[in-house]
Amino acid sequence: MSRVTRGVVILLSLLSVFALSTAVSRGASGRLFYEWSASGVKPGGGIWYYSGNYSGRTDWNPTREANVLTLHESTVWVRNPTGDIRSPGTVLYFIHDGQVRRTVPAYAWSLIGCGAVAPGGAAFGGCTTSSQYLGAFDPLRRAQDRGTWAFLLCDAAGCYGGVSGDRTWNLW
Amino acid sequence: MRWQFALLLTLAGVLGFGLVSVVAALPGTVSGLDFVRRAADERRNGNTETVVLVNGRAITAAELAEMEQWVNANVSWMREAEKETTDTTQVALLRRTRELIERSGPRTVALARLIRDRALESAAIEHGVWPDEATIAERVARDRELAEQMKDPRLDTFVTTLGPAVYWERFYPGVVARELAQERLFEVVTGDELDLAARQKRWLTFERELVRAASIEVTDSEALGSASLEAAFAYLEEYWSLHSTQ
Numbered sequence: 001m002s003r004v005t006r007g008v009v010i011l012l013s014l015l016s017v018f019a020l021s022t023a024v025s026r027g028a029s030g031r032l033f034y035e036w037s038a039s040g041v042k043p044g045g046g047i048w049y050y051s052g053n054y055s056g057r058t059d060w061n062p063t064r065e066a067n068v069l070t071l072h073e074s075t076v077w078v079r080n081p082t083g084d085i086r087s088p089g090t091v092l093y094f095i096h097d098g099q100v101r102r103t104v105p106a107y108a109w110s111l112i113g114c115g116a117v118a119p120g121g122a123a124f125g126g127c128t129t130s131s132q133y134l135g136a137f138d139p140l141r142r143a144q145d146r147g148t149w150a151f152l153l154c155d156a157a158g159c160y161g162g163v164s165g166d167r168t169w170n171l172w
Numbered sequence: 001m002r003w004q005f006a007l008l009l010t011l012a013g014v015l016g017f018g019l020v021s022v023v024a025a026l027p028g029t030v031s032g033l034d035f036v037r038r039a040a041d042e043r044r045n046g047n048t049e050t051v052v053l054v055n056g057r058a059i060t061a062a063e064l065a066e067m068e069q070w071v072n073a074n075v076s077w078m079r080e081a082e083k084e085t086t087d088t089t090q091v092a093l094l095r096r097t098r099e100l101i102e103r104s105g106p107r108t109v110a111l112a113r114l115i116r117d118r119a120l121e122s123a124a125i126e127h128g129v130w131p132d133e134a135t136i137a138e139r140v141a142r143d144r145e146l147a148e149q150m151k152d153p154r155l156d157t158f159v160t161t162l163g164p165a166v167y168w169e170r171f172y173p174g175v176v177a178r179e180l181a182q183e184r185l186f187e188v189v190t191g192d193e194l195d196l197a198a199r200q201k202r203w204l205t206f207e208r209e210l211v212r213a214a215s216i217e218v219t220d221s222e223a224l225g226s227a228s229l230e231a232a233f234a235y236l237e238e239y240w241s242l243h244s245t246q
C-alpha cells in the first residue's frame, strides 16, 4: 500500500468515525415537561382554578441534514368540574433563531387520541392533531418552544377566564 | 439654546415613558376591576330583602345588584379578550355572548343567572347531592390555601373590598356549598356521557328544563328595576341556544 493510499484510508476512517458520531448525536430525542395553572374569580365570588401538565417529545432524525421528520407531541389535562371551560385555547409557537417559525393554534388541539377522562371527575385532555408541526429546520441551531394557555369559561353571567404564564422551553 | 431644548425633550420623553410604564403596571388597570369592587360593595352593604323566589329559594336585592356588577365585569373582560384571542371560534363565541348580554341588559342577565342558580340548587337538594358541613369546610380550607398562592387582581380586589375575614368565614362557605352541589349534579346528569360536547349539550338542556318547570314568584317588582322575568327567560333561551351549538 502506497503512502498516498494509506493516507486516504486513514482519512476516510477518521471521516467515517466523525460522520457516525454526528449521526448518533443527531439521533437524540428531547423531552419537555412542565406543570401549568391558571386561576381567577367567578361571578358570585367563587374561585376557579385549573391546572395540568404539558409534555413534549422531540426526536431528531439521524440520517438527514435538514430534519423534516422531527416530531413534537403534547398532551394537556384540565380539571373541568362543571363543563364551563369552552376551550383550552392553547397556542404553541416554535421559535427558531428568534423567529416564530410554526404556530399551533387552539383549533389544532383535539381530544382525539388523548381523550381518556381522568378518574374522579370531569376532565379533558388534548393533543396536537399534527405531530409534525415543526417541519424542516436547521438542526445545527438551537430552537425554543413557547406556549400560553388561555382559558375561556362561560356561564349564564357571561364569559370570564384567564391566561397562564407565558412559558418558554429550550428544545435542545 | 438648541442643546437645552434637546435635553428638555429627552427628559420629557424619559419621564413620559416612565409614567406610562408605571400606570400600565398599576393593579387598577386590569379590565373590569371597578365593577368587581362595586360587586363586593353591593354584597357588603346591599339590601337583603327578597326580590324573587325560585322554588321557594330567595334572590335578594343585594344579590341581584352584585351579580349585575359581575356581568358588567365580564363584558369588560370579553371586550379585552376579543382583541387578544387568536382563535377565531373563540372570538366569535365571545362576541356573540357579549352582544347578547348588551342587547338584554346587565340587570336582566343577572336576574337570569340567579334564577338558573336557584333552580339548580333546588334540583341538587332533590337529588340528595347537597354537601355536608365537613365537606364544605374542607373545600374552604383548600381554596383558602390555594388563594394565598394566586395572584389574580380580580379575586384580590373582591376579597379586600369585602374584607378577608368576611369573605372566608361568612361568604365563601355558601359559595362553596352551591358550587359543590352543582358539580355533583353535573356528574349525576352527565357523568355517563364521554363526549364532552354532548355532555355540555345535555347539561344545558337539563338547565333549560329545570328553569321552565320552576315555580317563580316576584315579591318586589320595583326592586327588579329594568329587569323582568320575561326578558330574563328570553335571554336564557338565547344563551342556551348559543352555547349548545358552539
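Protein chains in written order, with the numbering used here: chain G, 1 to 172; chain B, 1 to 246. C-beta: ideal position from N, C-alpha, C; glycine also.
Beta carbon of glutamine 90 (chain B) nearer than 7 Å to that of leucine 152 (chain G) = The residue labelled residue 90 (chain B) in the question sits at position 90 within the second sequence. The residue labelled residue 152 (chain G) in the question sits at position 152 within the first sequence. With respect to leucine 152 (chain G), glutamine 90 (chain B) sits close: the two C-beta atoms are nearer than 7 Å.
CB of valine 211 (chain B) within 7 Å of CB of alanine 141 (chain B), strictly | Counting from 1 along the second sequence, the entry for residue 211 (chain B) is found at position 211. Counting from 1 along the second sequence, the entry for residue 141 (chain B) is found at position 141. For valine 211 (chain B) and alanine 141 (chain B), no; Cβs fall outside 7 Å.
What number of angstroms, rounded off, separates the C-alpha of serine 226 (chain B) from the C-alpha of tyrosine 50 (chain G)?
-> Taking the first residue of the second sequence as 1, we reach residue 226 (chain B) at position 226. Taking the first residue of the first sequence as 1, we reach residue 50 (chain G) at position 50. So the alpha carbons of these two residues sit roughly 36 Å apart.
Where are the alpha helix (DSSP H) runs, 4 residues long or more, that stay fully inside the region 197-235 of chain B, in chain order?
-> Runs found: none.
Evaluate alanine 38 (chain G) with the Cβ neighbour count: other Cβ atoms within 10 Å of its Cβ, from every protein chain shown; 16 or more gives buried, anything less gives exposed.
-> Residue mapping note: residue 38 (chain G) aligns to position 38 of the first sequence, counting from 1. With 16 or more other Cβ atoms from the protein chains shown falling within 10 Å of its own Cβ, alanine 38 (chain G) counts as buried.
For alanine 227 (chain B) and chain G, any beta-carbon pair shorter than 7 Å?
-> What you label residue 227 (chain B) is simply residue 227 of the second sequence in a count that begins at 1. Not an interface residue.
Using a beta-carbon distance cut-off of less than 7 Å, what residues from the region 50-72 of chain B approach chain G?
-> Those residues of the region 50-72 of chain B placed with their C-beta closer than 7 Å to a C-beta in chain G are Met67, Trp70, Val71, ordered along the chain.
Check the C-beta distance from threonine 219 (chain B) over to alanine 40 (chain B) and give it rounded, since I have them as a contact under 8 Å.
-> Here residue 219 (chain B) refers to the residue found at position 219 when the second sequence is read from its first residue. Here residue 40 (chain B) refers to the residue found at position 40 when the second sequence is read from its first residue. Actually they are not in contact, since the Cβ atoms of threonine 219 (chain B) and alanine 40 (chain B) sit about 25 Å apart, beyond 8 Å.
Which whole-angstrom value is the C-beta distance of valine 52 (chain B) and glutamate 183 (chain B), which I expect to be below 8 Å?
-> Stepping through the second sequence from its first residue, residue 52 (chain B) is reached at position 52. Stepping through the second sequence from its first residue, residue 183 (chain B) is reached at position 183. Here valine 52 (chain B) is actually not in contact with glutamate 183 (chain B); their C-beta atoms are around 25 Å apart, not less than 8 Å.
If you drop the 5 nearest sequence neighbours on each side, which residues of the same chain put their C-beta closer than 8 Å to that of leucine 94 (chain B)?
-> Here residue 94 (chain B) refers to the residue found at position 94 of the second sequence. Hits under 8 Å: Met78, Ala81, Glu82, Thr85.
Any idea if aspartate 132 (chain B) is buried or exposed, counting beta-carbon neighbours within 10 angstroms, 16 or more meaning buried?
-> For this step, residue 132 (chain B) is matched to residue 132 along the second sequence. Aspartate 132 (chain B) should be labelled exposed.
Buried versus exposed, by CB contacts within 10 Å (16 or more), threonine 97 (chain B) | Reading the second sequence from its first residue, position 97 is the one you call residue 97 (chain B). Classification for threonine 97 (chain B): buried.
Between tryptophan 240 (chain B) and the rest of its own chain, which residues show a CB-CB distance below 6 Å, the 5 nearest in sequence each way excluded?
-> For the purposes of this step, residue 240 (chain B) is taken as residue 240 along the second sequence, with counting starting at 1. Here the set comprises Leu204, Arg208.
Name the one or two DSSP bridge partners that threonine 50 (chain B) has.
-> The count along the second sequence starts at 1 and reaches residue 50 (chain B) at position 50. Paired residues: B:Thr60.
Buried or exposed: where does leucine 146 (chain B) fall if 16 or more other Cβ atoms within 10 Å of its Cβ makes it buried?
-> Stepping through the second sequence from its first residue, residue 146 (chain B) is reached at position 146. The residue is exposed, with fewer than 16 neighbouring Cβ atoms inside 10 Å.
Secondary structure of tryptophan 48 (chain G), DSSP reduced to three states = On the first sequence, position 48 is the one that residue 48 (chain G) refers to. DSSP places tryptophan 48 (chain G) in strand when its eight states are reduced to three.
Would you check if the distance between the CB atom of valine 71 (chain B) and the CB atom of valine 109 (chain B) is smaller than 7 Å?
-> Translated into positions along the second sequence, residue 71 (chain B) becomes position 71. Translated into positions along the second sequence, residue 109 (chain B) becomes position 109. Contact: yes.
Please check the pair methionine 67 (chain B) and alanine 157 (chain G), which I expect to be a contact at CB under 8 Å, by giving their CB distance rounded to whole angstroms.
-> One-based indexing of the second sequence puts residue 67 (chain B) at position 67. One-based indexing of the first sequence puts residue 157 (chain G) at position 157. Confirmed, Cβ separation roughly 6 Å.
List the endpoints of the continuous alpha helix (DSSP H) containing phenylalanine 158 (chain B).
-> As a first step, residue 158 (chain B) is located in the second sequence; it is residue number 158 there, counting from the start. 153-162 is the extent of the alpha helix (DSSP H) around phenylalanine 158 (chain B).
Identify which residue in B:Ala58, B:Gly105, B:Pro164 has its Cα closest to the Cα of serine 122 (chain B).
-> The residue given as residue 122 (chain B) occupies position 122 in the second sequence. Here the closest residue by C-alpha is B:Ala58.
Element boundaries [alpha helix (DSSP H), containing leucine 114 (chain B)] | In the second sequence, the residue the question calls residue 114 (chain B) occupies position 114. Per DSSP, leucine 114 (chain B) belongs to the alpha helix (DSSP H) from 106-126.
In angstroms, rounded to a whole number, what distance separates the CA positions of arginine 103 (chain B) and leucine 229 (chain B)?
-> Position 103 of the second sequence, counting from 1, holds the residue named residue 103 (chain B). Position 229 of the second sequence, counting from 1, holds the residue named residue 229 (chain B). In a straight line, the C-alpha of arginine 103 (chain B) is about 16 Å away from that of leucine 229 (chain B).
Of all Cβ atoms in chain G, is any one closer than 7 Å to the Cβ of leucine 33 (chain B)?
-> Position 33 of the second sequence holds residue 33 (chain B). Contact with chain G is absent for leucine 33 (chain B), since none of that chain's Cβ atoms lies less than 7 Å from the residue's Cβ.
Could you tell me which chain G residues have their CB closer than 7 Å to the CB of asparagine 45 (chain B), listed as they occur along the chain?
-> If you number the second sequence from 1, residue 45 (chain B) lands on position 45. None at all; the shortest Cβ gap to chain G is about 15 Å.
Roughly how many whole angstroms lie between the Cα atoms of valine 41 (chain G) and valine 175 (chain B)?
-> As a first step, residue 41 (chain G) is located in the first sequence; it is residue number 41 there, counting from the start. As a first step, residue 175 (chain B) is located in the second sequence; it is residue number 175 there, counting from the start. One C-alpha to the other measures close to 12 Å.
So is glutamate 222 (chain B) buried or exposed if we call it buried at 16+ other beta carbons inside 10 Å?
-> Here residue 222 (chain B) is taken as the residue at index 222 of the second sequence, counted from 1. The residue is exposed, with fewer than 16 neighbouring Cβ atoms inside 10 Å.
Rank G:Thr168, G:Pro43, G:Gly162, G:Arg6 by C-alpha distance to the C-alpha of aspartate 155 (chain G) and give the top, closest one.
-> The count along the first sequence starts at 1 and reaches residue 155 (chain G) at position 155. When the alpha-carbon of aspartate 155 (chain G) is set against those of G:Thr168, G:Pro43, G:Gly162, G:Arg6, the nearest one is in G:Pro43.
What does tyrosine 50 (chain G) reach in chain B if we use C-beta pairs closer than 7 Å?
-> Reading the first sequence from its first residue, position 50 is the one you call residue 50 (chain G). Here the premise fails: no neighbours, minimum Cβ distance about 12 Å.
By a C-beta neighbour count over all protein chains shown, 10 Å radius and 16 as the cutoff for buried, is arginine 154 (chain B) buried or exposed?
-> Position 154 of the second sequence, counted from the first residue, corresponds to residue 154 (chain B). Arginine 154 (chain B) comes out buried.
Under three-state DSSP, which class holds glycine 174 (chain B)?
-> For the purposes of this step, residue 174 (chain B) is taken as the residue at position 174 of the second sequence. Helix, per DSSP.
My understanding is that arginine 116 (chain B) touches leucine 236 (chain B), with C-beta atoms under 8 Å, so please give their C-beta distance in whole angstroms.
-> Within the second sequence, the letter at position 116 stands for residue 116 (chain B). Within the second sequence, the letter at position 236 stands for residue 236 (chain B). That pair is a contact at about 7 Å.
What is the rounded straight-line gap between the Cα of threonine 48 (chain B) and the Cα of alanine 112 (chain B)?
-> For the purposes of this step, residue 48 (chain B) is identified with residue 48 of the second sequence, where counting begins at 1. For the purposes of this step, residue 112 (chain B) is identified with residue 112 of the second sequence, where counting begins at 1. Looking at the two C-alpha atoms, the distance is approximately 19 Å.
Cβ-based burial, threonine 157 (chain B) [other Cβ within 10 Å; buried from 16] | The count along the second sequence starts at 1 and reaches residue 157 (chain B) at position 157. Buried: at least 16 other Cβ atoms inside 10 Å.
Same chain, Cβ closer than 7 Å to leucine 185 (chain B), five either side skipped, listed in chain order | Within the second sequence, numbered from 1, the residue matching residue 185 (chain B) stands at position 185. Same-chain partners within the cutoff: Leu120, Ala123, Ala124, His127, Val129.
Checking contacts by CB at 7 Å: is arginine 95 (chain B) closer than that to chain G?
-> Residue mapping note: residue 95 (chain B) aligns to position 95 of the second sequence, counting from 1. For arginine 95 (chain B), the answer is no, since every Cβ of chain G falls outside 7 Å of its Cβ.
From the beta carbon of glutamate 237 (chain B), is the nearest beta carbon of chain G less than 7 Å away?
-> In the second sequence, residue 237 (chain B) corresponds to position 237, counting from 1. False, the Cβ-Cβ gap to chain G never drops below 7 Å.
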